[in-house]
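Using this note's numbering, you'd call the opening residue of the sequence shown number 1058 and step up by one each time.
For each residue, glycine too, the CB sits at the ideal point set by N, CA and C.
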Amino acid sequence: MKKTAFYYHNYDTKYGEITIVSNGKAIVKIGRDIKILPTYTKQKDALTDDMAKQLNEYFRGLRDKFDISFNYVGTEFQIKVWTALYNIPYGETRTYKQIAEFIGSPKAYRAVGMACNKNPLWIVIPCHRVVGSSGSLTGYAGGLDMKEKLLELEKVDS
């Protein structure tokens, strides 16, 4: 059985360096401070380059959706949360409680927060669009300053 190859590259963006990881068929991770495994090869590929291009378009306000293949692995609960996050429209927010209710686990808002923290596709699965019940900015894997910048970019009042 052939092992899957993983490729990564660090890209400079308006908001700092972002690492993008591909398996040659889909993007599997996007973020800052991604743990690079020994099986990863530091090499650009067409997917990582295209993702970087799309992220830079998003950062310049020229894109509000991403058009590329993604593949992520998580628990059943995480995948439910990430799917709900993916469907939050550009320029809107939801609370952790609203996400928990939407996925049918109304008391699991803290677990929703943990799933957001494990989001492998930073920005594409827009966990930055999830806020506290009072509308306050709460934890974000990219840092609260980045969350604020992304919401400002999308013209969301925070």
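- Item | Neighbourhood of Ile1182 by C-beta, 7 angstroms cutoff - its chain only, sequence neighbours within 5 removed | Residue 1182 sits at position 125 when you count from the first residue of the sequence shown. Contacts found: Trp1139, Leu1142, Tyr1143, Asn1176.
- Between the Cα of Gly1073 and those of Phe1063, Gly1081, Tyr1064, Gly1088, spot the shortest distance and give me the residue it belongs to. Within the sequence shown, residue 1073 is the residue found at index 16, counting from 1. With distances taken between Cα atoms, Gly1073 lies closest to Gly1088.
- Message: Here's the rule I'm using: 16 or more other beta-carbon atoms within 10 Å means buried, otherwise exposed. How should Val1130 be labelled?
- Response: Counting from 1 along the sequence shown, the entry for residue 1130 is found at position 73. Classification for Val1130: exposed.
- Query: So the beta strand (DSSP E) Tyr1284 belongs to, where does it begin and stop?
  - Reply: Residue 1284 is absent from the structure shown; the chain starts at 1058 and stops at 1215.
- Message: Assuming Gly1073 is part of the alpha helix (DSSP H), what are its boundary residues?
- Response: Indexing the sequence shown from 1 puts residue 1073 at position 16. Note, Gly1073: premise wrong, no alpha helix (DSSP H); beta strand (DSSP E) at 1073-1079.
- Item | Helix, strand or coil at Arg1117 [DSSP, three-state] | Numbered from its first residue, the sequence shown carries residue 1117 at position 60. Arg1117: coil per DSSP, three-state reduction.
- Message: Whether or not the region 1151-1162 and the region 1118-1129 are in contact is what I'm after, with contact meaning three or more pairs of Cβ atoms, one per stretch, closer than 8 angstroms; do they touch?
- Response: Too few Cβ pairs lie closer than 8 angstroms, so no.
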